[in-house]
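In order, the protein sequences belong to chains C and B.
Residues are numbered in my numbering as their position in the first sequence, beginning at 1, plus a constant of 97.
Residues are numbered in my numbering as their position in the second sequence, beginning at 1, plus a constant of 27.
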Amino acid sequence: MNDFLQFFSFSDPNVRLVVLGTALIGACSGSIGTFMVLTRKSLLGDVVSHSILPGICVAFILYPVRSGIHLFIGAMVAGLLSGIAADYFSRKSVLRPDALFALVLSVFFGLGVMLITYIQQNYGAGQAGLDAILFGKAAAINQDDLTYITVVAAVIFACLILFFRSFRMITFNAGFAQSIGVRVRIYNGILSSLTVMAVAIGIQAVGVVLMAALLIAPSIVSKALSNRLWLILLISAFVGGLSGLLGSFVSYTLPAMPTGPWIVICLSLMVFAVLPFRRKFGNS
Amino acid sequence: MNSALDIENLSVSYGKKIALENISLSIPAGQITGIIGPNGSGKSTLIKSAMNLIPANSGNVRMLGSELDKVRKRVSYVPQRESVDWDYPVSVFDVILMGRYRPGRLFLPLSAEDRKIAEESLERVQLTEYRNTQIGQLSGGQQQRVFIGRALAQRAELYLMDEPFAGVDAATEKAILDLMFDMKSQGQSIVLIHHDLVSVRDNFDHLVILKNKLIASGPTSEVFTTKNLIASYGGSMRIMQELDV
């Protein structure tokens with residue numbers, strides 16, 4: 098009870114950083130991930146998040162400082178590259194998309210693990226903690242991290258509001274959108290970039306391995322509770338944010354408990370909790 | 028006579044597979060035109076490449092006498108019903124409202140006039156009572172009417188419809204046909220892909236018969252012949268005999 102009061106008074110500045118950071122991350126990936134689930138491209142979230150690893154490693158090798166905007170840029174570049182590769186090959190190859198996605202994921206992730214091993218052996222103490230991006234380390238979110246998490250979150254929410262109709266039209270019926278002259282490829286590019294941005298900030302909290310859950314699980318909850326897109330997006334953002342808060346709370350209260358995995362476990366519990374309602378309010 | 032759609036030397040291929048080979052045809056305005064041919068004969072490809080949704084290897088397309096980009100507002104495309112995910116969380120009225128969207132004004136609220144036109148379209152396809160229903164809860168025929176309602180909301184002059192009668196019940200087929208005759212009487216041009224040969228003669232003024240090449244294009248009374256159908260459908264003679272063409 099004492100822990101509860103202490104945590105929710107948010108008097109500890111470190112608690113404030115972690116809670117705000119993970120809640121914003123959860124809200125971003127929950128809302129933007131909804132479009133992945135709706136277009137049945139959930140696996141792509143996994144591809145992008147695993148593929149970010151080599152990008153961060155290369156950024157670190159170029160500029161060996163353990164936190165900062167350069168890692169974010171490296172993550173963005175690698176994430177977008179993997180998305181483009183997955184998209185390009187699934188159009189050009191005879192392989193089925195799921196096989197291709199798994200292949201792209203493995204190649205990028207393998208490269209990332211190779212690079213991170215190289216870094217660990219050659220960069221001494223300066224790299225300590227970089228491997229946290231594998232499983233996330235929310236407790237390490239500092240003021241600088243929170244600043245760019247907030248900026249990215251603001252960009253994502255602003256785009257979701259501004260492009261709501263465009264995103265809905267291209268994800269529901271791209272052919273029709275194109276027929277009235279909507280630049281479908283540009284909006285798809287914006288949507289993919291926003292997704293990669295959400296992943297790039299999200300791996301701070303949950304790491305590359307669990308990131309897909311943060312993209313996908315919130316919209317499973319919201320789709321069970323509604324069949325209106327704007328409400329689904331709102332609920333997804335709320336559920337993602339709430340899971341960040343709860344995960345932080347558990348890892349604060351219980352000693353030596355990791356935040357990221359607890360965020361994912363809280364999300365899973367919410368998914369189970371709403372499953373009985375899915376025919377009543379939603380349609381999934 | 029004015030033409031609704033002019034196609035010159037259009038060729039489209041998917042990889043090495045040739046879908047359309049050197050198609051040239053002209054479809055008259057103010058009429059109902061059917062496009063027929065067996066599966067894989069390039070019917071959908073013809074409409075999609077005319078709408079610039081898939082790239083053509085060569086060819087020139089003019090709609091209502093102009094390039095597509097200049098007359099986009101006056102042309103409506105109705106995709107195949109199976110081309111979208113009907114579980115998508117969107118209501119009947121939301122989809123019909125999409126007919127009023129304009130690319131440059133996607134960020135602005137729709138006007139009262141736009142909403143009124145969408146309401147009228149909803150009524151014309153007899154879906155008023157399903158206004159707020161999620162589209163996945165509808166029957167196949169109702170879903171098809173949602174798409175046609177969206178097309179009506181576009182207030183176009185030329186409508187290109189990809190299999191509007193696929194998977195619909197007899198009552199809906201009749202309702203859609205009545206709507207099309209109504210649209211025709213208002214001077215609009217309708218081009219649609221069709222599957223059922225039995226109803227061709229009664230409903231279409233003009234007919235295009237495809238088999239990756241152009242078999243025939245002309246008034247239904249002239250081109251709906253056994254010879255042309257065999258050229259398109261091959262040895263399915265039994266169908267021809269039943270049709271008694």
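Note that CB positions come from ideal geometry on N, CA and C, so glycine has one too.
Sub-9 Å separation of residue i and residue j beta-carbons
{"i": "S187 of chain C", "j": "L177 of chain C", "result": "no"}
{"i": "A172 of chain C", "j": "I300 of chain C", "result": "yes"}
{"i": "H167 of chain C", "j": "A156 of chain C", "result": "yes"}
{"i": "V117 of chain B", "j": "R265 of chain C", "result": "yes"}
{"i": "H233 of chain B", "j": "T253 of chain B", "result": "no"}
{"i": "M78 of chain B", "j": "V102 of chain B", "result": "yes"}
{"i": "G338 of chain C", "j": "G130 of chain C", "result": "no"}
{"i": "L326 of chain C", "j": "F374 of chain C", "result": "no"}
{"i": "Y119 of chain B", "j": "G176 of chain B", "result": "The sequence shown places Val at residue 119 of chain B, not Tyr. Contact: yes."}
{"i": "L137 of chain B", "j": "L124 of chain B", "result": "yes"}
{"i": "Y115 of chain B", "j": "G163 of chain B", "result": "yes"}
{"i": "D241 of chain C", "j": "G304 of chain C", "result": "no"}
{"i": "L351 of chain C", "j": "A250 of chain C", "result": "no"}
{"i": "I230 of chain C", "j": "I153 of chain C", "result": "yes"}
Residue-level contact to chain C via CB, residue i, 9 Å cutoff
{"i": "F134 of chain B", "result": "yes"}
{"i": "L80 of chain B", "result": "yes"}
{"i": "V122 of chain B", "result": "yes"}
{"i": "D96 of chain B", "result": "yes"}
{"i": "Q181 of chain B", "result": "yes"}
{"i": "D141 of chain B", "result": "no"}
{"i": "R129 of chain B", "result": "yes"}
{"i": "M125 of chain B", "result": "yes"}
{"i": "K75 of chain B", "result": "yes"}
{"i": "R89 of chain B", "result": "no"}
{"i": "S110 of chain B", "result": "yes"}
{"i": "V297 of chain B", "result": "Absent from the structure is residue 297 of chain B, since the part of chain B shown begins at 28 and ends at 272."}
{"i": "V39 of chain B", "result": "no"}
{"i": "P246 of chain B", "result": "no"}
Residue(s) in a DSSP beta bridge with residue i
{"i": "M188 of chain B", "result": "B:V105 and B:L219"}
{"i": "H295 of chain B", "result": "Here chain B covers residues 28 to 272 and nothing more, so residue 295 of chain B does not appear."}
{"i": "V18 of chain B", "result": "Here chain B comprises residues numbered 28 to 272, so residue 18 of chain B is not present and cannot be evaluated."}
{"i": "V39 of chain B", "result": "B:L47"}
{"i": "L52 of chain B", "result": "B:I34"}
{"i": "K240 of chain B", "result": "B:K238"}
{"i": "Q161 of chain B", "result": "B:S118"}
{"i": "S93 of chain B", "result": "B:M90"}
Cβ-based neighbour list, residue i, same chain, cut-off 8 Å, excluding 5 preceding and 5 following
{"i": "V296 of chain C", "result": "S126, G142, V145, S146, I149, A172, G176, M308 and L312"}
{"i": "I238 of chain C", "result": "L114, V115, G118, T119, I246, Q301 and A302"}
{"i": "Q153 of chain B", "result": "R172 and A202"}
{"i": "N36 of chain B", "result": "N49, I50, S51, S85, G86 and N87"}
{"i": "G226 of chain C", "result": "R163, K234 and A237"}
{"i": "L204 of chain B", "result": "N230"}
{"i": "S348 of chain C", "result": "A235, A236, M354, P355, T356 and W359"}
Cut-off 6 Å between Cβ atoms - residues of its own chain near residue i, not counting five sequence neighbours on either side
{"i": "L187 of chain B", "result": "I74, Y104 and V218"}
{"i": "P106 of chain B", "result": "D189"}
{"i": "N29 of chain B", "result": "A56"}
{"i": "S319 of chain C", "result": "I329, I332 and S333"}
{"i": "Y284 of chain C", "result": "S263 and I267"}
Interface flag, residue i vs chain B, CB-CB below 9 Å
{"i": "L259 of chain C", "result": "yes"}
{"i": "N270 of chain C", "result": "yes"}
{"i": "Q275 of chain C", "result": "yes"}
{"i": "V368 of chain C", "result": "no"}
{"i": "G278 of chain C", "result": "yes"}
{"i": "S263 of chain C", "result": "yes"}
{"i": "K320 of chain C", "result": "yes"}
{"i": "R44 of chain C", "result": "The displayed coordinates of chain C run from 98 to 381. Any statement about residue 44 of chain C would go beyond what the structure contains."}
{"i": "M266 of chain C", "result": "yes"}
{"i": "I253 of chain C", "result": "no"}
{"i": "I317 of chain C", "result": "no"}
{"i": "L135 of chain C", "result": "yes"}
{"i": "S139 of chain C", "result": "no"}
{"i": "R193 of chain C", "result": "no"}
{"i": "N285 of chain C", "result": "no"}
{"i": "N239 of chain C", "result": "no"}
Sequence-distant residues of the same chain with beta carbon closer than 7 Å to residue i, five excluded per side
{"i": "K70 of chain B", "result": "I62, G64, I220 and L237"}
{"i": "L243 of chain C", "result": "L114, L117 and G118"}
{"i": "S365 of chain C", "result": "A314"}
{"i": "L372 of chain C", "result": "A321"}
{"i": "F251 of chain B", "result": "V227, R228, L234 and V272"}
is_contact[residue i, chain A] using C-beta, thresh 9 Å
{"i": "S190 of chain C", "result": "Of the protein chains in the structure, C and B, none is chain A."}
Worksheet item: Quick check: the segment 351 to 369 of chain C against the segment 227 to 239 of chain C, are there 3 or more CB pairs under 8 Å?
Response: yes
Discussion item. Below 8 Å, how does it come out for the segment 234 to 253 of chain B and the segment 38 to 55 of chain B: are there three or more Cβ pairs, yes or no?
Written reply: yes
Worksheet item: Are the segment 282 to 297 of chain C and the segment 80 to 89 of chain B in contact at 8 Å, needing three or more beta carbon pairs?
Response: no
Discussion item. For the segment 250 to 264 of chain C against the segment 274 to 288 of chain C, do three or more pairs of beta-carbon atoms, one drawn from each stretch, fall closer than 8 Å, so that the two count as touching?
Written reply: yes
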